[in-house]
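For what it's worth, this note's numbering labels the leading residue of the sequence shown as 457, then goes sequentially. Here is the structure we will look at.
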Amino acid sequence: MSCVVAIGNFDGFHRGHQALITVAKTQAARLGVACGILTFEPHPRQFFKPGEPVFRLTSPAMKERLAKALGLDFVKALDFNADFAALSAEEFMAREIVAGLSAAHVVTGYDFHFGKGRTGNPNMLRATGARCGFGVSIVDPVTDEMGVAAFSSSAIRQALQQGEVREAARQLGYWWRVSGEVVKGDQRGRTIGFPTANLMLDPGMQAREGIYATRVRVGGDGPFLKGAAYIGKRPTFDTDRRFLEIYLIGFSGDLYGQKIDVEFVDFIRPDQKFEGLDALIGQMNADCAVISQKLDALAVDDPMRAFALGKLAAEGRV
């Protein structure tokens, strides 16, 4: 069956990626065929540098959710292994685009390179399309409203590493989020009056350590809950593991085993070591007050509603 396909890593589904998808959907509507994305798992960088975990903005499962929310018909993730990495650019196009997808039209970014040694490029893709009968759209850099900086996954990772959550959201077009199943921690928070929901972090997750204002949804639906989230190693307690803990302000209940989405709205302060529990508890109370104010203001005017995925997320559709 013929289709239109956008090709890329799509890590983050940021506003540049969304522009590719808009072009692909327009072509699919014109041709009356299905529309989807072709992507790669694991991330190619993880394959070539296995000892350096990649800071993934979106998990494979989240890619599927975001693609569905944007109205795509399919997500095809190719297994990026040694055999695949050895394919020449010509072999990749013949096997995956022509034979594998019967593509009627292909959409990529201006900087898309493919095949062994990254020898494939947009010009080669256009030539192959002309020869094999599929159309090609190459999307130029998608920049911000001032026309200055192009959106990129690398820039978003850098923003998150510096705690610049709102800059990351501006490029993503939605609040960056982490999703997962709540696991049992050491329950230390309960002993000081701040029980937390704990999520396991991927090894490469490198957002800045500290306290965040977050919105939390349980099970992918229902109302947003206010969350004071912590990323770090608990220096006050001399631990050596990295945690993501979320204290749900004004909530009581058992969340063990449930899946939650944690949307990062603002960075509050860096991680720090306290001299004792009283100082820690006092600061946590102050943090929660600030976080509540920020999230109350957000409920009135959420700037992410201006963008496709932000609007869909605010409506509970992703």
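We put the CB at the ideal spot given by N, CA and C, even for glycine.
Judged by beta-carbon spacing, A560 lies within the 8 angstroms limit of F590, meaning their Cβ atoms are closer than that value.
Scanning P506, M518, H499 for the CA closest to the CA of D535 turns up H499. Secondary structure note for K682: its beta strand (DSSP E) is the uninterrupted segment 681-688. By alpha-carbon distance to D710, the top candidate from P651, Y630, F511 is P651.
Cβ-Cβ distances below 7 angstroms link M656 to G636, V639 in the same chain, with the five nearest sequence neighbours on each side left out; the list follows chain order.
Counting other Cβ atoms within 10 Å of its Cβ, K519 reaches 16 or more and is therefore classed as buried. The alpha carbon of V774 has as its nearest neighbour, out of F680, N741, Q728, the alpha carbon of F680. Inclusion of S558 and C459 in the CB contact set at 8 angstroms is warranted, their separation being smaller than that value. Bounds of any alpha helix (DSSP H) do not take in D658, whose DSSP letter is neither H nor E.
Only residues of its own chain outside the window of five on either side were considered, and among them P516, A533, L534, D535, F536 have a CB closer than 8 angstroms to the CB of E497, listed in chain order. In terms of Cα proximity to G629, the closest of A735, A523, L765, V621 is L765. In this structure, K505 and S544 do not form a Cβ contact; the two beta carbons are roughly 22 angstroms apart against a cut-off of 8 angstroms.
Listed in chain order, the non-local C-beta contacts of V563 below 6 angstroms within the same chain comprise A462, L476, V479, A480, S593, local neighbours out to five positions each way being set aside. Beta-bridge analysis with DSSP links P516 to no other residue. Cβ-Cβ separation between G468 and S609: approximately 5 angstroms, consistent with a contact (criterion under 8 angstroms). I667 is positioned such that its CB atom lies closer than 8 angstroms to that of R725. Out of S748, F548, V718, the CA that lies nearest to the CA of W631 is found in V718.
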